[in-house]
Amino acid sequence: MISISTRSLGARFALVALLFSSSVFCLWKSHWLRRRRRLSTLSFASPNPKPNLTAKIFFASQTGTSESLARRLAARLSAHGLAANLVDPRHYEPEDLPKETFVLFVVSSWEDGKPPPNAAFLAQWLAESAADFRVGSLILSSCQFAVFGVGSRSYGSTFNAAARDFARWMKELGAAEMMPLWDGDVDGGEVDREFDLWSEGIMKLMKGEMSLGDVAERDEVDVLEEDVEYDDEEEDVEGAEDDVVDLEDIAGKAPSRKMKAELVNGNGVIKEMVTPIIRNNLEKQGYKIIGSHSGVKICRWTKAQLRGRGGCYKHSFYGIESHRCMEATPSLACANKCVFCWRHHTNPVGKEWRWKMDDPLVIVDAAIDQHTKMIKQMKGVPGVKEQQFLEGLSPRHCALSLVGEPIMYPEINRLIEELHRRHISTFLVTNAQFPDRIKMLKPITQLYVSVDAATKESLKAVDRPLFGDFWERFVDSLKALHDKQQRTVYRLTLVKGWNAEEVDAYANLLGLGEPDFIEIKGVTYCGS
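And the structure:
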């Protein structure tokens with residue numbers, strides 16, 4: 395107890411100073427005691443993960459594929475007697491992260507290399523914590539982690555940017571990196587094999603069969619390949635999903651510099667566009683894959699008109715008989731990843747042709763053959779009209795708008811000539827990213843350009859293009875359409891809240907291409 399007279403002014407100042415210093419000391423002591431208690435409870439990461447750990451598997455994805463991959467990993471760990479919990483970051487409290495001991499991230503990159511919306515809050519917490527000196531660099535020192543980044547190398551500097559950020563933030567907060575960041579690239583193929591390699595490394599670390607030092611560098615983990623066992627039964631473990639895989643989130647091993655050089659000079663084996671996993675997922679949706687890069691699929695309107703129930707808008711607008719229409723593409727690849735894509739983003743992406751190329755005559759023959767086989771499967775279906783059925787066996791129109799960017803195919807002119815030689819009319823749709831290809835395209839029955847937005851900002855948000863100069867390419871494509879001496883169309887796909895409010899801007903774009911027709915389409919939400 396201290397007694398001070400407060401009658402004099404000096405004594406009053408002394409009292410204030412004493413109270414202030416006492417408060418500062420109490421605050422410092424309280425902070426020191428809390429920090430000491432917290433440090434005393436931390437179990438610093440050991441060089442080798444201990445068996446019987448429970449892994450928390452976080453998935454960051456907009457379309458659900460990272461969740462599918464995470465479930466696949468959880469099922470595989472469970473099949474090997476290892477515990478794992480699946481976590482949606484949207485429903486996770488980041489303040490609980492310091493309590494975790496074993497964390498796995500399956501992370502895709504969304505717009506501009508940012509994490510998908512379901513992981514945005516977790517990413518924000520990690521970023522702010524890593525930048526806040528008050529948090530310190532030991533808060534996650536009891537945690538071990540690994541990150542599997544998946545995306546497309548075609549996006550350049552933003553390729554797997556979100557995954558890199560997650561790995562960096564975790565390390566800055568004191569977490570021990572079990573395995574180096576694993577870059578999965580959709581353009582590289584070998585998706586299942588690459589994911590299995592990563593999963594195998596995770597299992598070895600969890601079992602204590604391999605130490606952190608054994609996988610210090612990404613290039614050294616190829617030794618795991620010898621030990622990988624591909625067990626199809628693991629995919630059937632209860633809880634694993636068999637969902638359609640979004641290529642934005644599919645991981646794949648990127649080509650090495652040597653392989654890229656071989657692809658350029660022709661001394662190596664040129665890879666095919668359609669990898670086994672791409673083929674599998676497109677076939678699930680009813681596509682018939684032709685060769686290594688083409689496809690055909692029967693349209694619902696074709697089935698409807700076979701049963702006398704009316705055709706699509708092309709029948710009403712242009713007289714195209716839907717039961718005699720073949721929907722196909724010579725290129726499953728595209729340079730965009732549109733938010734409204736109804737193909738589930740299962741087609742490849744790319745900015746140039748770098749795959750094995752099939753002969754156009756072979757493509758046309760196979761497309762007609764596959765199409766007629768699908769028509770024959772309609773025989774005996776209730777309501778199918780005999781006359782329409784017989785006419786449907788001889789297609790007279792080809793809609794080159796199935797999926798991807800048909801104009802990317804280097805032999806597109808020869809393919810169109812072959813269709814015309816067989817008296818098959820052609821409607822071709824391009825996504826307005828290849829103006830030079832539009833200029834060299836020979837006349838077709840009707841040429842479409844997709845006008846998915848009217849401003850640079852909205853086009854970037856809606857189409858999520860691979861090209862950095864996407865807007866210049868878009869404008870040049872519309873100008874190239876203006877110079878085509880044939881029937882042309884602007885096709886607008888309007889999505890409420892995304893691109894449907896820019897009426898004046900759309901009007902300004904009409905002067906660039908001066909199309910003969912304008913088609914306006916809406917988007918129907920189908921729950922995926």
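For any residue, its number in our numbering is found by taking its place in the sequence shown, counting from 1, and adding 394.
By construction, the Cβ of each residue, glycine as well, lies at the ideal position given by its N, Cα and C atoms.
Counting other Cβ atoms within 10 Å of its Cβ, Lys890 stays below 16 and is therefore classed as exposed. Residue pairing by DSSP places Phe539 opposite Val497 and Glu571 in a beta bridge. At a Cβ-Cβ threshold of 8 Å, Asp857 and Asn730 count as neighbours.
With respect to Ala727, Met834 sits apart: the two C-beta atoms are not nearer than 8 Å.
In the DSSP assignment, Tyr842 falls within the beta strand (DSSP E) that extends over Gln840 to Ser844.
Looking at Ala901, Val845, Ile912 and Gln840, the one whose alpha-carbon comes closest to that of Gln879 is Gln840.
Excluding residues up to 5 positions away in sequence, Ile684 lie with their Cβ nearer than 6 Å to the Cβ of Ala760 in the same chain. For the pair Ser536 and Leu567, the CB atoms are not nearer than the 8 Å cut-off. Per DSSP, Glu461 is one residue of the alpha helix (DSSP H) stretching across Thr459 to Ala473.
If you draw a 10 Å sphere on the C-beta of Leu755, you find fewer than 16 other C-beta atoms in it, and that means exposed.
Within a 10 Å sphere around the beta-carbon of Ser551 sit fewer than 16 other beta-carbons, which makes this residue exposed. Beta-bridge pairing by DSSP links Trp576 to Phe542. The beta carbon of Phe499 lies closer than 6 Å to those of Phe452, Val541 and Phe560 in the same chain, with the five residues before and after it left out. In its chain, beyond the 5 residues on either side, Gly680, Glu721, His765, Met768 and Ile769 have a beta carbon closer than 8 Å to the beta carbon of Ile692. Rounded to whole angstroms, the separation of the alpha carbons of Ala557 and Lys508 is 9 Å. Under the three-state reduction of DSSP, Met720 is assigned to strand. If you draw a straight line from the Cα of Leu599 to the Cα of Phe589, it comes to about 16 Å. Tyr681 is not bridged by DSSP to any residue. By alpha-carbon distance to Pro511, the top candidate from Ser546, Ser460, Leu875 and Lys745 is Ser460. Taking all protein chains shown into account, His687 has 16 or more neighbouring C-beta atoms within 10 Å of its C-beta and is therefore buried.
Between the region 870–877 and the region 894–906, the count of Cβ pairs shorter than 8 Å is three or higher; the stretches touch. Close CB contacts of His474 within its chain, under the 7 Å cut and outside five residues either way in sequence, are with Met597 (chain order). At a Cβ-Cβ threshold of 8 Å, Ile832 and Cys792 do not count as neighbours.
If you compare the alpha carbons of Thr669, Thr820, Ile664 and Ser725 with that of Lys708, the shortest gap goes to Thr820. When rounded, the separation of the alpha-carbon atoms in Lys750 and Ile664 is 6 Å. Taking the Cα of Pro488 as reference, the smallest distance to any Cα among Met564, Asp506 and Leu471 is reached at Met564. In this structure, Thr887 places its C-beta atom within 8 Å of the C-beta atom of Val917. Taken atom to atom, the span from the alpha-carbon of Asp898 to that of Ala848 is near 9 Å. Annotated three-state conformation of Glu780 is helix, per DSSP. Assignment of Phe868 by DSSP, reduced to helix, strand and coil, places it in the helix class. For Tyr707, the three-state secondary structure derived from DSSP is helix. Boundaries around Phe453 are those of the beta strand (DSSP E), Thr448 to Ala454, since no alpha helix (DSSP H) includes it.
Per the DSSP secondary-structure output, Leu794 pairs in a beta bridge with Ala722 and Leu822.
Shown here, Leu813 sits in a helix according to DSSP, grouped into three states. Selection Lys450, Ala449 and Gln456 evaluated against Phe734 yields Gln456 as nearest (Cα-Cα). Arg694 counts as exposed, since fewer than 16 other beta carbons sit within 10 angstroms of its beta carbon.
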